[in-house]
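In UniProt numbering, the protein residues as written are 1 to 877.
Beta carbons are placed, not taken as given, at the ideal position from N, Cα and C, and that holds for glycine.
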DNA sequence: TTCGGGCCGT
DNA sequence: GTGGGACGGCCCGAAG
């Protein structure tokens, strides 16, 4: 019905939404689930009801006039979770953005405000709809007033009118107050009459109509016990009645006329939705208006045709290099932009590279450049033979350090995150997919200039946040220098033995053909083995093998399932072999051949430095951090990674047990520290502790189990996870874990403390102050909370290990530059570094690298590095 | 073009 | 009692 008065019980709706929805949070770790739920409901109401007046009422505070009647009112209530408290502020901001009035009154509850306004409205014969999650408000229903209760805390509303209440509640509208007075309400600590519940209360009211009548005719009440209870708790009953009666004459200072709803301004709502990450709700706000472009600052810029000393004079510059492709090893340059105290400039690519002045400016370390993605810029320019210097601040990298959970790691994304809307997204300017193309120069010139324009603001913001988080060292001393080193490694590349790759591929082609033929024979028909769907039909329908596990879409044909079916049918082994070889073929042999640089036979990966939640790097195009090693067949792929020069060889140096050593250090567990100090085999040592035997009595099975437990500890253990990896029951796994934690009390204490710390601060930290925010650490959903808890345990370990090797890379690089050694650092694979080195320098390099890696940081346990070399990566083992 | 299943690494 | 190892990237087929 249009033109209704809408009255919303803010507290109740927010509470309901909070407990109904998973604990969402926006990019800054602010919880938003309740506000989100509230908003979906609000939008629905605005869409459906088109209200003329609307008010959201809130409870004012802890004490109310009801506490004068009964000081235990609402006593014993659980404290409002802090994740919810913070949302009460947000929801008020949201209402302001919508232009919706909200109101609270000292000493009164939201119910009383709503009761008073709805009384006014009814007297004016206005139709009113009350939205709440609390059935107590049903007493306000009348001929003009409908009460809507949200079901399960969602925006699903159930409407109650005086006509429908008896059916739904078992008593009439007029009896609701007496009903509650008899029953009481444990959640509000309202006593009611002891021994009287819903059924008895309804029965009594059916017979006597009102509370007063019951007491006037007490002798007619059936049941001795009940009569006794009523007599003994008469005071409770009438006090309860007083408590549950909504005050409809509260001294509010607003009236129906004051809560006229003018409609919202789209812009304001868009902003708040963006701020809290309600992207999915964007298209529900007024369609026409929401397409209005955000008002952006006017940016006047100059297109440069000739560089001069004035423009290039200043010492602080925001400098943007726009690349067309993601892969900066091969990308064209779209253009440059520059913003400094003299103005904003677009510099076309040709103008730039033909200008000696500009190239000199790039190379000049005195000319300070604040950039976005320094590694991309450095590598792209390196391919053109230019060594850019003077990069002092990488906006993307800083954004990652300050907010690793923000996945928008391009400049417009970062700007938007901070509420700056003066840039467009690349997709908006260039299009995406097949439609991606370069627009008119004016258009992309402005786009690129705008990126530089917002750089100043972002620089200020990020600098401040780095400082507040005490992450300036992490940023300036670790990540910034590392970006340069990684860029060098990527640009140098790794030489591939293309002939060897081709040989292996041809060989595999033949073998795969044979296996495929054999599988089709065994199946009795041809089908696509690469299709899990078709394979599932063959195995579980045609051949009738037992179904062990299902996936969302059908039968699971994963390796662990197939392994259990090995004895059922000959085809299973063939499929496992096929899978193994097919993986090598497609991902590694064909995959690597595709990315070998034609002229140099080198492979140039890109390390993503701003992606992982833990601080590790990742590697793409190709991923050189997952080249096979476990199975010999796959390991041979490493024979195709060779030095780039004659008489050079490959050297690999890896940290031994770095994560467990980090754990020993962080947890300060005495036994663990001692084990590493004495250079013990840690898995054997663990087995000896957990199984309570002497070290020389540890069997290989014990050691295997202990190793799995150690892994589990590092990953943030769950009994289920361990049971899966060891093929034992969950119970047995649980016993292992407990025994472990009791053997290493320091570790146990760490695990408990880190989870508490995460609950308190909302984040955990590494030894170098790298943060990970854990918004779901207090989630009520077991699953989400458990996951966050494991993450809290794991992230400081994995992340600190990542810090250590990053620092080691910087130290190694520095030591190499100070030496006469001819060598290149080529790859990082989480806990190992790969080099190529002139044969005569190999011993020197081995010493240098081992020394640098082992001493890069001082922990309370020694770090240990194993280094080995050979003619190929394969042989460096 | 996007998603899910599967599988490679630390 | 729940659902469940941590962090990634790339291949493929199938669906949109």
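Practice item. Specify, as a first and last residue, the run of the beta strand (DSSP E) that residue 239 falls within. Key: Unbroken run through residue 239 is the alpha helix (DSSP H), 234-244; no beta strand (DSSP E).
Check your understanding: Do the CB positions of residue 369 and residue 327 come within less than 9 Å of each other?
Key -> The answer is no: Cβ separation not under 9 Å.
Exercise for review: Please classify residue 338: does DSSP put it in a helix, a strand, or coil?
Suggested key: Strand, per DSSP.
Review point. Using DSSP with H/G/I as helix, E/B as strand and the rest coil, what is residue 290?
Key: Any reading at residue 290 must be qualified, since the residue scores a pLDDT of 40, below 50, and its modelled position is unreliable; no value is offered.
Check your understanding: Are there 16 or more other CB atoms within 10 angstroms of the CB of residue 417, so buried, or fewer, so exposed?
Key -> In this structure residue 417 is buried. Its beta-carbon is surrounded by 16 or more other beta-carbon atoms within 10 angstroms.
Check your understanding: According to DSSP, is residue 120 helix, strand or coil?
Key -> Secondary structure at residue 120: helix, using DSSP grouped into helix, strand and coil.
Exercise for review: Kindly confirm or deny that the segment 195-215 and the segment 171-182 touch, where touching means at least three C-beta pairs closer than 8 Å.
Suggested key: With three or more CB-CB distances shorter than 8 Å, the segment 195-215 counts as touching the segment 171-182.
Practice item. Can you tell me which of 752, 719, 191, 583 puts its alpha carbon nearest to the alpha carbon of residue 900? Key: Since the first residue of the chain shown is 1 and the last is 877, residue 900 is not available in this structure.
Review point. Does DSSP put residue 765 in a helix, a strand or coil?
Key: Strand.
Check your understanding: Rounded to a whole number of angstroms, what is the C-alpha to C-alpha distance between residue 607 and residue 344?
Key -> Rounded to whole angstroms, residue 607 to residue 344 spans 31 Å at the Cα level.
Check your understanding: Going by other Cβ atoms of all chains shown within 10 Å of its Cβ, with 16 needed for buried, is residue 776 buried or exposed?
Key -> It is buried - the Cβ of residue 776 has at least 16 other Cβ atoms within 10 Å.
Check your understanding: Between residue 160 and the rest of its own chain, which residues show a CB-CB distance below 6 Å, the 5 nearest in sequence each way excluded?
Key -> If we look at residue 160 and ignore the five residues flanking it on each side, its Cβ neighbours are 138, 141, 147.
Point to revise | When 838, 88, 430 are compared against residue 11, the one with the closest alpha-carbon | key: Of the listed residues, the one whose Cα sits closest to residue 11 is 88.
Review point. Can you tell me the Cα-Cα spacing of residue 364 and residue 789, whole angstroms?
Key: Between residue 364 and residue 789, the alpha-carbon positions lie close to 48 Å from each other.
Review point. In its own chain, which residues sit with a C-beta less than 8 Å from the C-beta of residue 911, not counting the 5 before and 5 after it?
Key: This structure cannot settle anything about residue 911, because the visible part of the chain is limited to 1 through 877.
Review point. How far does the beta strand (DSSP E) with residue 96 in it reach, from first residue to last?
Key: No beta strand (DSSP E) holds residue 96; the alpha helix (DSSP H) holding it covers 82-98.
Practice item. For residue 677, count neighbouring C-beta atoms within 10 Å of its own C-beta (all shown protein chains included) and say buried if the count is 16 or more, exposed if not. Key: Residue 677 counts as exposed, since fewer than 16 other C-beta atoms from the protein chains shown sit within 10 angstroms of its C-beta.
Review point. Going by beta carbon distance, what residues of the same chain come within less than 6 Å of residue 698, once the five residues before and after it are set aside?
Key: The residues are 684, 687, 688.
Check your understanding: Which class does residue 807 belong to by DSSP, given the choice of helix, strand or coil?
Key -> Residue state for residue 807 is assigned as helix, using DSSP reduced to three classes.
Exercise for review: Could you please give me the residues that DSSP links to residue 158 through a beta bridge?
Suggested key: 149.
Review point. Quick one: any contact between the segment 651-659 and the segment 857-869, if contact means 3 or more CB pairs under 8 Å?
Key: Yes, the segment 651-659 touches the segment 857-869.
Point to revise | Identity of the residue in 61, 181, 7, 91 nearest residue 116 by Cα | key: Closest by alpha carbon: 7.
Review point. Thinking C-beta only, is residue 561 closer than 9 Å to residue 552?
Key: Contact flag unset, no.
Review point. Does the distance from the CB of residue 229 to the CB of residue 197 come in under 9 Å?
Key: Taking 9 Å as the Cβ cut-off, residue 229 and residue 197 do not qualify as a contacting pair.
Exercise for review: Check residue 777 in the structure and name its three-state DSSP category.
Suggested key: DSSP, reduced to helix, strand and coil, places residue 777 within a helical segment of the structure shown.
Review point. Just how far apart, CA to CA, sit residue 453 and residue 462?
Key: Rounded to whole angstroms, the separation of the alpha carbons of residue 462 and residue 453 is 15 Å.
Exercise for review: Mind checking which residues open and close the beta strand (DSSP E) that includes residue 648?
Suggested key: Here the beta strand (DSSP E) through residue 648 covers 648-655.
Review point. Does the distance from the CB of residue 338 to the CB of residue 373 come in under 9 Å?
Key: Between residue 338 and residue 373, the C-beta gap is not smaller than 9 Å, which leaves the two residues out of contact.
**Study point:** Minimum C-alpha distance to residue 615 - residue among 672, 700, 680, 807
**Key:** Selection 672, 700, 680, 807 evaluated against residue 615 yields 807 as nearest (Cα-Cα).
Check your understanding: Which two residues bound the contiguous alpha helix (DSSP H) that contains residue 367?
Key -> Where residue 367 is concerned, there is no enclosing alpha helix (DSSP H), given that its DSSP letter is neither H nor E.
**Study point:** Segment contact flag, the segment 594-601 with the segment 302-320, C-beta cutoff 8 Å, min 3 pairs
**Key:** Result no; under three Cβ-Cβ pairs closer than 8 Å.
Exercise for review: Could you round the C-beta distance between residue 609 and residue 482 to whole angstroms and report it? I think they count as a contact, below 8 Å.
Suggested key: With 8 Å as the limit, residue 609 and residue 482 qualify as a contact, their Cβ atoms being about 7 Å apart.
Check your understanding: For residue 622, is the classification buried or exposed, using 16 other Cβ atoms within 10 angstroms of its Cβ as the cut-off for buried?
Key -> Looking at its Cβ environment, which holds 16 or more other Cβ atoms inside 10 Å, residue 622 is buried.
Exercise for review: Write down the C-beta distance between residue 55 and residue 259 rounded to the nearest angstrom, noting that I regard them as a contact closer than 8 Å.
Suggested key: Contact flag correct, Cβ pair sits at about 4 Å.
Review point. By Cβ distance below 8 Å, which residues in the same chain neighbour residue 191 in space, the five residues on each side in sequence not counted?
Key: Hits under 8 Å: 184, 233, 236, 239, 240.
Review point. For residue 13, which residues from the same chain have a beta carbon less than 6 Å from its beta carbon, with the 5 sequence-adjacent residues on both sides left out?
Key: 38, 133, listed in sequence order.
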